[in-house]
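Here's the structure we're looking at; comments come further down.
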Amino acid sequence: MRLVGVDGAQRGVFSVQEAEKIAHDEGLDLVLVTDKAEIPVVKLADYNKFLYEQKKELKEKKKPKQQLKEIKISFTEAEGDMARKAKKIDEFLEEGSVVQIRLTMKGRQRMHAEFAQDKLRIFLEKVTIPYKLVNDIKKENAFLAVTIAKINK
Numbered sequence: 001m002r003l004v005g006v007d008g009a010q011r012g013v014f015s016v017q018e019a020e021k022i023a024h025d026e027g028l029d030l031v032l033v034t035d036k037a038e039i040p041v042v043k044l045a046d047y048n049k050f051l052y053e054q055k056k057e058l059k060e061k062k063k064p065k066q067q068l069k070e071i072k073i074s075f076t077e078a079e080g081d082m083a084r085k086a087k088k089i090d091e092f093l094e095e096g097s098v099v100q101i102r103l104t105m106k107g108r109q110r111m112h113a114e115f116a117q118d119k120l121r122i123f124l125e126k127v128t129i130p131y132k133l134v135n136d137i138k139k140e141n142a143f144l145a146v147t148i149a150k151i152n153k
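Note that our numbering numbers the sequence shown so that position 21 is 21, with each residue one more than the last.
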């Protein structure tokens, strides 16, 4: 079997007994890295430390990734509704999510996109958590969209 040292350097090819003796002399354990190779590869390591690092890596992989949350507001949204939705955005930003805000426009409202942009900017002022614009306000058919994320300190 191929033996790899604690530092990751190749130590050579040894029999099972020789590898176990080297590990015993150094006060370490043999950990199987792969048995799929032509010659099985083992590494000298403290087994408990190795298990701890494996669990730590697995836990890191399970962490949730940044999620994209979406909030929709309308051109004729009332103040109270806007305040409630701004509070919800604060919660999403605290969680670390990225938030997309969509302002929908119907019928003749589409002709007044500048008023809709003003409405969206006023809405963004209601968000109390410091944020950055991931992308600028963009117009797409019947809505304006902007994406924001929390500023990491």
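A virtual CB, placed ideally from N, CA and C, is assigned to each residue, including glycine.
Quick caveat, the model's predicted, so the values are computed rather than measured.
By the Cβ criterion, the segment 106 to 125 is not in contact with the segment 34 to 43, since fewer than three pairs of Cβ atoms, one from each stretch, lie closer than 8 Å. Collapsing the DSSP output to three states places E77 in coil.
Across the structure, F92 and V98 are spaced so that their CA atoms are roughly 7 Å apart. Going by DSSP, D118 is part of the alpha helix (DSSP H) stretching over A113 to E125.
Annotated as proximal: K150 and I129, with beta-carbon spacing under 8 Å. Along the length of the segment 26 to 83, whole alpha helix (DSSP H) runs at least 4 residues long occupy 47 to 62, reported in chain order.
At the C-beta level, L28 and D7 stay beyond 8 Å of one another. Relative to the Cα of L144, the nearest Cα in the group E94, R108, V134 and S74 belongs to S74.
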